[in-house]
Amino acid sequence: EEIPWGTNQAAVDLAFQRLGAAAVPRLITIMDDREDRLDNLSYSIQRRINSHALDDFQRHWAAAQACRALGTNAAAALPALTRLLKRHDATEEFALDMLNVSPASVSILTNELSDPNPKVRETIVRVLKWSRLSPGTAAEALIFATRDKVPAVRTEACWSLGWLRACPEQSV
């Protein structure tokens, strides 16, 4: 069934959840794919968001949204989501989708604070403030990031520490 453009997010999430955990391997394939080919699942995702000419970023984003909707059932997709975060110029949405998939995502994201790309590090510290899964780990990572060699990363880490609502005793 096709979901019309403009449908509320809850309805779209429900449509993705209908794909079920069995769809995760194909979602990973879509997220890792850089070619413009359509298979049954990517076509299904395209139909669900009512678009017929998706580029790589849009297909990857749609697959990441499906993983977010699947929640912990999509935990196996965390490495692919991490690759998307790095591939698409550290787009915040992929990191936020990771936080909604599994508590393990906080550890994965904090490990990526050693990435050579400062934009990746800045994006990670920006989204860690929304972590409700492992606030202590997020706070430790943010404190570590205040010593980053790039001023933008340090600044974002300080802002995020101030906004870390899930762990008020460690926010500043």
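This note's numbering applies: residue 15 is where the sequence shown begins, and numbers increase by one.
Beta carbons are placed, not taken as given, at the ideal position from N, Cα and C, and that holds for glycine.
Every value quoted in this text rests on a predicted model; they were computed, and no experiment measured them.
Buried or exposed: where does Ala-24 fall if 16 or more other Cβ atoms within 10 Å of its Cβ makes it buried? exposed
Just the Cα atoms here: how many angstroms apart are Ala-80 and Val-141? Cα to Cα, the separation comes out at about 19 Å.
Here's the rule I'm using: 16 or more other beta-carbon atoms within 10 Å means buried, otherwise exposed. How should Ser-128 be labelled? exposed
What whole-angstrom Cβ distance do Ser-174 and Lys-143 have, given they're in contact under 8 Å? 4 Å
Just tell me which of Ser-145, Pro-93 and Glu-106 has its CA closest to the CA of Arg-135. Glu-106
So, for Thr-160: in the same chain, excluding its five sequence neighbours on each side, which residues have a beta-carbon less than 8 Å away from its beta-carbon? Arg-168, Ala-171, Cys-172 and Leu-175
Asn-125, DSSP secondary structure in three states: helix
Contact belief for Ala-166 with Pro-132 at Cβ below 8 Å, rounded distance in angstroms: 7 Å
Could you pull the start and end residues of the alpha helix (DSSP H) that Ala-78 belongs to? 70-84
Just how far apart, CA to CA, sit Ala-91 and Leu-33? Cα to Cα, the separation comes out at about 15 Å.
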